[in-house]
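Chemist:
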Amino acid sequence: MQNLIDFSDKKVLIAGASSGIGKQIAISLSKLGAAVILIARRENKLQEVISQLEGKEHSYYVADLSQTGEIEGLVKKIVADNGKLDGMVYSAGIAATLPVNMLKPEKLLSLFQINYFGFVEMVRQVSKKGRYNDNMRIVGISSVASIRGDKSKTAYSSSKSAMDSAVRCMAKELAEKGICLNTVAPAMTATELYDHFLEKYGDDSESSTTLLKRQYLGIIQPEDVANAVAFLLSPAARFITGITLPVDGGLTTT
Amino acid sequence: MDMQEKIALLEETLELDEGTLTAETVLADVDEYDSMAKLSLIVMMDDEFGVKLTGDVIKSFVTVGDILNLMK
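Note that the protein sequences, when read in sequence, are chains S and Z. Mapped onto the working numbering, the consecutive letters of the first sequence carry residue numbers 1 to 254. Mapped onto the working numbering, the consecutive letters of the second sequence carry residue numbers 1001 to 1072.
(1) Quick one: what's got a C-beta closer than 7 Å to residue 23(S)'s C-beta in the same chain, skipping five residues either side?
(2) Look at the alpha carbon of residue 1006(Z) and the alpha carbon of residue 121(S), and state the distance between them as a whole number of angstroms.
(3) Compute the beta-carbon to beta-carbon distance between residue 137(S) and residue 87(S), rounded to the nearest angstrom, for a pair I have assumed lies under 8 Å.
(4) Residue 151(S) touches chain Z at which residues, Cβ-Cβ below 9 Å?
(5) Answer yes or no: do residue 160(S) and residue 145(S) have a C-beta to C-beta separation smaller than 8 Å?
(6) Using only the alpha-carbon positions, how far apart do residue 101(S) and residue 1039(Z) sit?
(7) Just curious, the alpha helix (DSSP H) that residue 163(S) is in, first and last residue?
(8) Note down, in chain order, all residues in the stretch 229–252 of chain S with a beta-carbon under 7 Å from any beta-carbon belonging to chain Z.
(9) Residue 1020(Z) and residue 1063(Z): beta carbons closer than 8 Å?
(10) If the cut-off is 7 Å on Cβ atoms, which residues from the stretch 73–107 of chain S count as contacting chain Z, listed in chain order?
(11) For residue 108(S), which residues of its own chain have a beta-carbon under 7 Å away from its beta-carbon, when the five flanking residues on both sides are left out?
(12) Report the partner residues of residue 38(S) according to the DSSP bridge assignment.
(13) Drop a sphere of 10 angstroms on the beta-carbon of residue 11(S), count the other beta-carbons inside from all chains shown, and report buried for 16 or more, exposed for fewer.
(14) Return the residue from the list 1068(Z), 1001(Z) and 1034(Z) that minimises the CA-CA distance to residue 1014(Z).
(15) Hey, out of 82(S), 165(S) and 47(S), whose CA is closest to residue 119(S)'s CA?
(16) Sort 179(S), 206(S) and 219(S) by Cα distance to residue 195(S) and report the nearest one.
(17) Against chain S, does residue 1043(Z) count as a neighbour if the rule is that its beta carbon must be under 8 Å from one of theirs?
(18) Where does residue 2(S) land, buried or exposed, given buried means 16+ other C-beta within 10 angstroms?
(19) Taking only three categories from DSSP, how would you classify residue 115(S)?
(20) Quick check on residue 1032(Z) - is its C-beta less than 8 Å from some C-beta in chain S?
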């Protein structure tokens, strides 16, 4: 039996792996055979994720990806320690709620620093000669917010649109190196963020009912997003590059 | 930051004309104090005072004075 989504002997770097979707991607890829290399700010959370992984050969690095000047040294060290990479997933980011009148340039800059500049810098560093194996795949975690408007989401939504635009451009450039890159755009997913939403509104509130009417397949599980990421990292997706794949429970069709 | 400066900051955050608020102003009487204004208040309190407002705390505010008490 042929299995196209098999990451045995593959090394995948996951940035922003300590919680939510990034954490689930680490767990799912480890179940599919990958050796995963995790990056996040909080060491205790990273150790917790490592303890939930299948297989061995996993490692982690503590780093703040909003410090973009440090990414080059970090990637060099990771490649020196672990060898060339087969994949990179960028799941780091914050979902700030900032009304326009509070959207000072420094706020916007600090959100873009982690959501967007960190992503582009990470792509730039892992795609340098000698740091990747043939057919490397890169996936960024975007959001359906990138194509939808909402109050107080200017900074977050535009940072995700920026990611999507970046992969369309970088895909053309990096194709020459045999690298494909895409983004995955989840809608409301059952992570800590959704727990906060429920705390705020309750699951029988108007906001919840409206959400589920639009996202008619229901609340997405982190595994569903991780499965889409696994597909895009695999040879099954070798002719897919520069796209944004919605994993949205139908949201963008309503 | 003295009381007048705090009130001025609140007026700016809630996009109210200067001199609109006093410590005794009842928030329910301020039309502009809507859900977006509350979001702005959350951001301002965090930025300026390092105070993280929860939904329950915001619901407990009755007068401007209740907010001023946390601006420190």
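All residues carry an ideal CB built from backbone N, CA and C; glycine is no exception. None of these values were measured; they are calculated from a predicted model.
Modeler: The structure says:
(1) Here residue 23(S) refers to the residue found at position 23 of the first sequence. Around residue 23(S): 17 and 49.
(2) As a working mapping, residue 1006(Z) is identified with position 6 in the second sequence. As a working mapping, residue 121(S) is identified with position 121 in the first sequence. Whole-angstrom Cα-Cα distance: 41 Å.
(3) Locating residue 137(S) in the first sequence gives position 137, where the first residue counts as 1. Locating residue 87(S) in the first sequence gives position 87, where the first residue counts as 1. Contact flag correct, Cβ pair sits at about 5 Å.
(4) As a position in the first sequence, residue 151(S) is number 151, starting the count at 1. By Cβ distance, chain Z contributes 1035, 1036 and 1039.
(5) The residue labelled residue 160(S) in the question sits at position 160 within the first sequence. The residue labelled residue 145(S) in the question sits at position 145 within the first sequence. Yes, the pair counts as a contact, with Cβ atoms nearer than the cut-off.
(6) Walking along the first sequence from the start, residue 101(S) turns up at place 101. Walking along the second sequence from the start, residue 1039(Z) turns up at place 39. Residue 101(S) and residue 1039(Z) have their alpha carbons spaced roughly 10 Å apart.
(7) Here the question's residue 163(S) lines up with position 163 in the first sequence. Residues 154–174.
(8) none
(9) Mapped onto the second sequence, residue 1020(Z) falls at position 20. Mapped onto the second sequence, residue 1063(Z) falls at position 63. The answer is no: Cβ separation not under 8 Å.
(10) Among the residues of the stretch 73–107 of chain S, those with a Cβ less than 7 Å away from any Cβ of chain Z are 97, 98, 99, 101 and 102, in the order of the chain.
(11) Residue 108(S) sits at position 108 when you count from the first residue of the first sequence. Counting only Cβ-Cβ distances below 7 Å, and skipping sequence neighbours, we find 155.
(12) By 1-based counting over the first sequence, the position of residue 38(S) is 38. BP columns for residue 38(S) point to 14(S) and 60(S).
(13) Within the first sequence, residue 11(S) is the residue found at index 11, counting from 1. It counts as buried.
(14) Taking the second sequence and counting its residues from 1, one reaches residue 1014(Z) at position 14. Among 1068(Z), 1001(Z) and 1034(Z), the Cα nearest to that of residue 1014(Z) belongs to 1034(Z).
(15) The residue you call residue 119(S) lines up with position 119 of the first sequence. Residue 165(S) is the option with its Cα nearest to residue 119(S).
(16) For the purposes of this step, residue 195(S) is taken as residue 195 along the first sequence, with counting starting at 1. Considering only alpha carbons, the answer is 219(S).
(17) As a working mapping, residue 1043(Z) is identified with position 43 in the second sequence. A Cβ of chain S is located within less than 8 Å of the beta carbon of residue 1043(Z).
(18) Along the first sequence, one-based indexing puts residue 2(S) at 2. Exposed is the call here.
(19) As a first step, residue 115(S) must be located in the first sequence, where it is residue number 115. Helix, per DSSP.
(20) Within the second sequence, residue 1032(Z) is the residue found at index 32, counting from 1. No, residue 1032(Z) lies away from the interface with chain S (no Cβ there is under 8 Å from its Cβ).
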